[in-house]
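Notes to accompany the following structure.
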Amino acid sequence: MDFSSPFSSRIDPTANRQTNRTPMPTPPALLPLSASFIVHPAGGGVPTHQHHSGQLTVVLGGTMRVTADQGWWLAPPGLAVWVPPQTPHAASYSETSSLINVKFPPQIAQRLPAECRALAVSDLLRELAREAVRLEDEQEKSAEHVVQSLGLIAELMVLQLVRPVATPGLFVPHGQDRRLRKAIAILHQEPGADLSIEALAARVNSSERTLSRLFVAETGMTFRRWREHMRLVTSIDKLARGHTITATALELGYSSASSFTTLFTRVLGVPPRRYMSLMREQSEEAQR
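Below is the structure:
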């Protein structure tokens, strides 16, 4: 039933303009999600911080390194990193990197994993992130349409993010024990050093037996396996920065480029040069 007066336009000269008004944009806090496209320069970074919202970062080009209490992830194109609300983390970029940041408000983020994780980006997830960015640009044109569409995108993304997936291997776990964390910091700072577990234990005021046990208990790997894994993930970051295979091998403590290539191929399935070529192909495909 319409209770408006036929004479209202004579009393209020703006009455007839109400239906032509552009809808007010919905405040970001009320949206089902928000998304933005960002390019970080090579060598750039974001110091430790946290968000009120949960954040999914989809890497389209370049390489991103995210560090949190659990450890650190290296994310080339084809991977994304999920960071829950109120989780301190830092990011760095070894080369010019293009990303889409998708932020979920707490009421939606609580349905997602409670810890940081990396995941492979399906074609669907990547296109949903792109569509969310496009819709953000339309917000002032049709707020109701945007809210409804972003709501559907949020639901589809949640389904993608909660399904069981194999954890990508480009994650280097930390630990909680003070001695282990100190040992891991030393190995990060000196990745090419030929430190024995005995020498490392002495530097962190621990025994060889205790430190060996801590590596297995808190990282799921033996000391040697953890260091090998850390060196391989670090090598990908160095190669992405433009280091040669030979320089990377020597910097990380390998006796030669061939010994590094052999180990790299055994663990990752392809030699370093082919791996970097595949990364570039993924980057080009993701940015089309």
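With full-length UniProt numbering, the residue at position 191 of the sequence shown is 191, and numbering never jumps.
Built from N, CA and C at the ideal position, the CB exists for glycine as well.
Everything numeric in this text was worked out from a predicted model, so none of it was measured.
- Run through the segment 114–140 for me and flag every whole alpha helix (DSSP H) of 4 or more residues, listed as ranges in chain order. The alpha helix (DSSP H) runs lying completely inside the segment 114–140 and spanning 4 residues or more are 123–137, given in chain order.
- Residue range of the alpha helix (DSSP H) that includes A257: Residues 257–268.
- Item | Helix, strand or coil at R65 [DSSP, three-state] | Secondary structure at R65: strand, using DSSP grouped into helix, strand and coil.
- How big is the Cα-Cα spacing for A202 and E127? 51 Å
- Query: How many Å lie between residue 321 and R65 at the Cα?
  - Reply: With the chain represented from 1 up to 288, any question about residue 321 goes unanswered, as that position is not in the structure.
- What three-state label does DSSP hand Q18 in the structure shown? Per-residue confidence for Q18 stands at a pLDDT of 44, beneath the threshold of 50, marking its modelled position as unreliable; no derived number is given.
- How many angstroms separate the CA atom of A193 from the CA atom of W73? 22 Å
- Query: For the alpha helix (DSSP H) that contains G151, what are its first and last residues?
  - Reply: Residues 143–162.
- Output yes or no for whether 9 Å exceeds the beta carbon distance between G169 and V233. In contact: G169 and V233 (Cβ atoms closer than 9 Å).
- Using beta-carbon positions only, say whether A53 and P105 come within less than 9 Å of one another. Looking at the sequence provided, one finds Ser at residue 53 rather than Ala. Against a cut-off of 9 Å, the Cβ pair of P105 and S53 comes out as a contact.
- Inter-residue Cα distance where the pair is residue 333 and S34: Because the chain here runs from 1 to 288, residue 333 falls outside it and cannot be looked at.
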